[in-house]
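Written out below as structure tokens is the structure these notes cover.
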Amino acid sequence: MSEGEEKKNAYERFVGWFDSRFGFEKTMLKPIPDYSLNPLYWLGIIMLVTFLMQGVTGIYMTMNYVPTPAEAYSSTTYIISNVPLGHFVETLHLYTAYAMILVTFLHLARNYFGCAQKKPRELMWVAGILMMFIVLGFGITGYLLPWTVISKSATDVAIGIVGYLPSQISSFAASLLSGTGTDAAELTRFFSIHTVWLPAALIGFLALKIYMFEVHGPSYMPIYGKAKKSKIWPWFPRVFLYAAKLIPIFVAILFVVAALFPLVLPPVYNPETVSAYVIQPDWYFLAIYQVLKFGFFESSHIPYAIGTIALFFVVLILLPFYDRSPRRNIGSRPVYTTAGLIALAEFISLTIWGYLTPGQVIPTPVALAGLFGVAIGVTAVTWAAYWIRKRRALQHPTAKPVLPAEKPAPTADKNTVPDKASFFGLGRYTRFTTLFFVFLSVASVALACLTQNAAQATVNLTALLVPGCCFAFSMLCLLWMVKRAVVAFEEGRIAQ
Amino acid sequence: MNLDTAKLRRLTAVGLFIFLIVGAALPWTLDLVANQRAFGFLLASDLIAFTMLVYVFDRESDEEVNWNTLLIGCAVIAMLVFFGMVTP
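In order, the protein sequences belong to chains G and P.
Residues 1081 to 1576 in my numbering are what the first sequence lists, from first letter to last.
Residues 1243 to 1330 in my numbering are what the second sequence lists, from first letter to last.
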């Protein structure tokens, strides 16, 4: 060490050793601002981690899995019972898939409410939605592979729905998914799509998204950002070490869940015993499944259900092209915020409603009451918040606005010393948002249950009271939270 | 011994590092067909130890280490190791 060089501690020497060999600090990814060191900005990376875990666990299983109807189930049970770590890897593959889908949904919701799709990131949004379809495709194709009675029957239902599409599309889709129509052809195709086509497509989109992320950087979201000047951090070592804290915790949680709740395989598929089981898709398709069970979409009207769902996704994918306002803050976007919250609440309530009513057709009045009840409830709560905000603003013209005002992204200031951060930079906004969504979910589910129970032929008072009380309590909590937020903003206890 | 913050941090780091090495090696000595759940718990505890080790080092000054966070981390590790020991 030269005399002029400062004495370095062990950590600096360790980092310096790697950096001098790999040159990470100069070559690896663009520096990112301090405000993006928050888990909500890292959902894309977490999704990438789940994909890598899916790859590793999937490859391990393919060494013993046989994709034929005769041996698919037996080879799966062999992996579970005889292969070292087979049961753990199989379970981990399942829960990582769930986590991947959940993180994809969270990423979508966070980007929607944070306006990450705005100019110049429109194509990142489109790529993200297409990636969501690929992830759901993983779910559909992977569900069939163990060849259990539930998975095979649910997949047959899904393939049957494809038959309702226009003939040009349905014949192509059917030949793509089930080939000659035999079980063997279907399983071979699903295995091929699951292990080759979809991973290749996802890798392509991931490369595209990472490239676009490098070009545009993280999108500043006023609702989650810290109200201070932001320091710019290089990827190595600061951001790299942040990832080294966040990702192992996420993986550890998956390990613990996999160890606590090991996979229990349903019985093997047998055409003669199918009728004894209620066919139910996995949780991520329960909302769509519930829509298909609505009375007004039954039998010959299924194409309308498919059209409605397709229309929703078209509207979603085109969002950045019609929502061109420069406003990015939820405080100044009441219509889009309300629409997003309604979509979220409907998804959650339909998912739980679908889980609670397997195989039951939902009568039209109940379906309409459930759908519109959730929408009206969410609209009432959201607009109450905006109304209180407006009233407070009129009463106290000089007071600060209720919801964070529009403001530019924090400017980079290399001289700014970051505040003492909490473990993962979780701030008040994140805690508030999380709690708000918890109560919103409870209210939505309670309302769905209430509507369902009220339509029963014999009305059970307890079955009405419990969801009724839950709904009333959740709505009160939501209103109380909104009121508290209003007062806190007005008094300046929550920084702008 | 005067356990000032810097020394305590260094001791914690050494302890975590030792646990990290032992915890990474130990699960592979188990019967990987019969003790798969224990394997999961022990590997999870190792990942938490790794995160804590990074957390201890990823600070610009000694004062920024939150010892409550480290205590919670140690409690989680102890719990996971316990589950790893009692679970088949």
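Glycine included, every Cβ here is placed at the ideal spot set by N, Cα and C.
Note that the structure is predicted; figures quoted are calculated from it, not measured.
The shortest C-alpha to C-alpha distance from residue 1515 of chain G to any of G:1560, G:1474, G:1475 is the one to G:1560.
Of all C-beta pairs linking the stretch 1155 to 1172 of chain G to the stretch 1270 to 1288 of chain P, three or more are shorter than 8 Å, placing the two stretches in contact.
When C-beta distances to chain P are compared with 9 Å, every residue of the stretch 1101 to 1126 of chain G stays at or above that value. Counting the other Cβ atoms within 10 Å of the Cβ of residue 1383 of chain G gives fewer than 16, which makes it exposed. Contact annotation for residue 1299 of chain P against chain G: 1091 [CB-CB distance below 7 Å, chain order]. Residues of chain P whose Cβ lies closer than 7 Å to the Cβ of residue 1165 of chain G are, in chain order, 1274, 1278, 1281.
Under DSSP, the beta-bridge partners assigned to residue 1112 of chain G are G:1313. Contact note: residue 1168 of chain G reaches chain P through 1278, 1279, 1281, 1282, using a C-beta cutoff of 8 Å and chain order. Under a 10 Å Cβ-count criterion, residue 1284 of chain P is classified as buried, with 16 or more other Cβ atoms of the shown protein chains found around its own Cβ. Only those residues of the stretch 1324 to 1351 of chain G whose C-beta falls short of 7 Å from the nearest C-beta of chain P are listed: 1324, 1325, 1328, 1329, 1331, 1332, 1335, 1336, 1338, 1339, 1342. For residue 1374 of chain G, the three-state secondary structure derived from DSSP is strand. Note: residue 1228 of chain G is bridge-paired with G:1348 in the DSSP secondary-structure output. For residue 1290 of chain G, the three-state secondary structure derived from DSSP is helix. The alpha-carbon separation between residue 1423 of chain G and residue 1524 of chain G amounts to approximately 11 Å. Taking all protein chains in view, the Cβ of residue 1174 of chain G is crowded by 16 or more other Cβ atoms within 10 Å, so the residue is classified as buried. One Cα belongs to residue 1214 of chain G, the other to residue 1394 of chain G, and the distance between them is close to 16 Å.
At a beta-carbon threshold of 8 Å, the residues of chain G lying near residue 1292 of chain P are 1324, 1328, ordered along the chain. Inclusion of residue 1462 of chain G and residue 1417 of chain G in the CB contact set at 8 Å is warranted, their separation being smaller than that value. Membership of residue 1392 of chain G in the alpha helix (DSSP H) is indicated by the continuous run 1382 to 1397.
Close CB contacts of residue 1530 of chain G within its chain, under the 7 Å cut and outside five residues either way in sequence, are with 1544, 1547, 1548, 1551 (chain order). Close to residue 1559 of chain G, with beta-carbon spacing below 8 Å, lies no residue of chain P; the smallest spacing is near 33 Å.
Against chain G, a Cβ distance below 7 Å from residue 1312 of chain P picks out nothing, because the smallest value is about 10 Å. Taking the CA atoms as reference points, residue 1156 of chain G sits about 9 Å from residue 1227 of chain G.
Secondary structure of residue 1428 of chain G (DSSP, three-state): helix. At a beta-carbon threshold of 8 Å, none of the residues of chain P lie near residue 1144 of chain G; the nearest stands roughly 13 Å away.
C-alpha of residue 1256 of chain G to C-alpha of residue 1272 of chain G: approximately 11 Å in a straight line. Under the three-state reduction of DSSP, residue 1359 of chain G is assigned to coil, being neither helix nor strand. CA-to-CA, the gap between residue 1137 of chain G and residue 1315 of chain G works out to about 28 Å. Inter-segment contact for the stretch 1207 to 1226 of chain G and the stretch 1266 to 1282 of chain G is present: three or more beta-carbon pairs are separated by less than 8 Å. A Cβ-Cβ contact shorter than 8 Å links residue 1130 of chain G with residue 1176 of chain G.
Inclusion of residue 1202 of chain G and residue 1401 of chain G in the CB contact set at 8 Å is warranted, their separation being smaller than that value. The Cβ of residue 1321 of chain G sits closer than 8 Å to at least one Cβ of chain P.
Around the beta-carbon of residue 1299 of chain G, 16 or more other beta-carbon atoms lie within 10 Å, marking it buried.
Put simply, the stretch 1284 to 1294 of chain P touches the stretch 1322 to 1336 of chain G. At least three CB pairs are less than 8 Å apart. Distance from the Cα of residue 1220 of chain G is smallest, within the candidate group G:1472, G:1121, G:1426, G:1361, for G:1361.
Counting along the chain, residue 1099 of chain G sits inside the alpha helix (DSSP H) bounded by residues 1090 to 1102.
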